[in-house]
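The C-terminal residue of the sequence shown carries number 125 in full-length UniProt numbering, and the numbering is unbroken. Think of the CB as a built atom: it goes at the ideal place given N, C-alpha and C, for glycine as much as any other residue. Since the structure is predicted, the reported quantities are computational estimates derived from the model, not experimental observations.
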Amino acid sequence: MVAGDDHRGGAAQVVQHHDDTEEYAELRTIAGQLRTLLCISLIEILSKHSDDEVYLGQRDTPEWTLDTAKEAFRQFGDRLVGIKARIAEMNRDPRLRNCTGPARLPYTLLSPNTSDGYHEPGAKL
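Here's what the structure looks like:
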């Protein structure tokens, strides 16, 4: 429901709201510009990984006091690599729609590490 001169384009058009319409009910659910900007900024900040981030199954320093601890940690890291391969395999299976969702983005939440530190969250230690 638009009032205005059609020959003047969108600048002269005024949207008339009616509280009882479905369109107006939907418009009330949309956040304002400031809130949207704040939310997008927060998501952007939280989705990035720091350069010094250490992921599950990895160490920033290889020094350990006992060889048995080093071996157990290596075995744990190997198991995580297997888990990552299994997640990738399940992401490729078209029968498992819940792995990619409607956007067809691969599931990477429990992936032991990330390639570029951005957009692919890893399991932080």
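Legend entry - Segment contact flag, the stretch 50-61 with the stretch 72-90, C-beta cutoff 8 Å, min 3 pairs: These segments touch.
Inset, instruction - Determine the extent of the alpha helix (DSSP H) in which Tyr24 is found, giving its start and end residues. - result: Position 24 of the sequence shown holds residue 24. If you look at Tyr24, you'll find it in the alpha helix (DSSP H) that goes Glu22 to Thr29.
Legend entry - Buried or exposed (CB count within 10 angstroms, at least 16 for buried), Leu80: By 1-based counting over the sequence shown, the position of residue 80 is 80. The residue is buried, with at least 16 neighbouring Cβ atoms inside 10 Å.
Inset, instruction - Locate the alpha helix (DSSP H) running through Ser50, then write down its first and last residues. - result: Taking the first residue of the sequence shown as position 1, residue 50 is located at position 50. Run containing Ser50: none; DSSP gives neither H nor E here.
Inset, instruction - Give every residue of the same chain whose Cβ lies closer than 8 Å to the Cβ of Glu63, excluding the five residues on either side of it in the sequence, and list them in chain order. - result: Looking up residue 63 in the sequence shown gives position 63. There are no such residues.
Legend entry - Asp78: first and last residue of the uninterrupted alpha helix (DSSP H) it sits in: Within the sequence shown, the letter at position 78 stands for residue 78. Residues Asp67 to Arg92.
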